[in-house]
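Structure, as structure tokens:
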Amino acid sequence: MTRPYRGDPLRRIPPAATLRRRLEDTRETARRLAILLETAERLEREGDSDEADSTPRDKRKAKGGSP
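All letters in the sequence shown, in the order written, are residues 4 to 70 by my numbering.
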């Protein structure tokens with residue numbers, strides 16, 4: 004259990020540059036997650052989720068090619 008902070012609460016706030024960088028990193032992470040979500044939803048709609056999970060070797064076997 005953490006102890007309550009007894010000092011000046013404003014001293015715990017990081018510099019503005021640090022906050023800007025964290026915000027930009029968060030936006031980039033959100034953008035990438037949105038792309039992944041759209042891709043996953045499209046694959047589910049198209050019924051390709053099983054194929055997306057297979058390795059290239061599995062795909063060759065499914066097409067009748069050599070391993």
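Backbone N, C-alpha and C define an ideal beta-carbon position, used for all residues, glycine too.
Since we're looking at a predicted model, the values are computed, not measured.
Under the three-state reduction of DSSP, arginine 14 is assigned to helix. Secondary structure note for arginine 9: it is in no alpha helix (DSSP H), with a DSSP letter that is neither H nor E.
Between the C-alpha atoms of aspartate 11 and alanine 19 there is a straight-line separation of about 17 Å.
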